[in-house]
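Trainee:
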Amino acid sequence: MMKNLNRDELLSLAKSFDPKDKCPDCLSLSCEGWESIPGGFMTNSLECVGTLRVEDAPECWEEDLLKGMTIWSTDAPISTAFHPYNKSDVFECKHCGAKYLRYTECGGYYVDERIRELNAKLIS
Ligand SMILES: [Zn+2]
């Protein structure tokens, strides 16, 4: 079973990693904001350490963004109760311990795997 993480647990996970310690793979991945996972990126070096999804929670598609921001903004807050964070799992790089959020965007006729670096400063 996947571990459910609340906001405080997410924050301490985020703080447990120093971006200075990134391995070359993680350095090659630029995802301050949400990005589609690049085809060449080794996702098997990422290990799932928990989820922000709450079982049986009512669906919430609301986004928590300030004026002028989009879901892609690099400074968009990480608000665990809001879309897409409420659909995200938390991953850790097996090499360096970098933390990421991932979720799958399912459009009408496409599926897009997205990833965003977990930045403690943005957790609201
Ligand atoms: Zn790494």
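Heads up, the sequence shown is in the numbering used here, so the first residue is 1 and it goes up one at a time. All residues carry an ideal CB built from backbone N, CA and C; glycine is no exception.
(1) What residue ranges within the stretch 10 to 50 form continuous beta strand (DSSP E) runs of no fewer than 3 residues, ordered along the chain?
(2) Check each candidate in Arg116, Asn6, Ser28 and name the one with the smallest Cα separation from aspartate 75.
(3) Can you give me the start and stop residues for the beta strand (DSSP E) that valine 90 sits inside?
(4) Kindly list the residues whose CB is nearer than 8 Å to the CB of methionine 122, restricted to its own chain and excluding five residues on each side of it in sequence; keep chain order.
(5) For the beta strand (DSSP E) containing cysteine 106, name the first residue and the last one.
(6) Could you spell out the range, first to last residue, of the beta strand (DSSP E) harbouring aspartate 112?
(7) Figure out for me which residue from Trp61, Glu92, Lys15 has the closest Cα to the Cα of tryptophan 83.
(8) Let me know if tyrosine 103 comes out buried or exposed under the rule of 16 or more other beta-carbons within 10 Å of its beta-carbon.
(9) Following a CB-centred definition, is aspartate 8 positioned closer than 6 Å to any heavy atom of ligand 1?
Mentor: Let me spell this out:
(1) none
(2) Arg116
(3) 89 to 93
(4) Residue 122 is actually leucine in this sequence, not methionine. Here the set comprises Asp75, Ala76, Pro77, Ile78.
(5) 99 to 106
(6) 111 to 117
(7) According to the sequence shown, residue 83 is histidine rather than tryptophan. That would be Trp61, whose Cα lies nearest to the Cα of histidine 83.
(8) buried
(9) no
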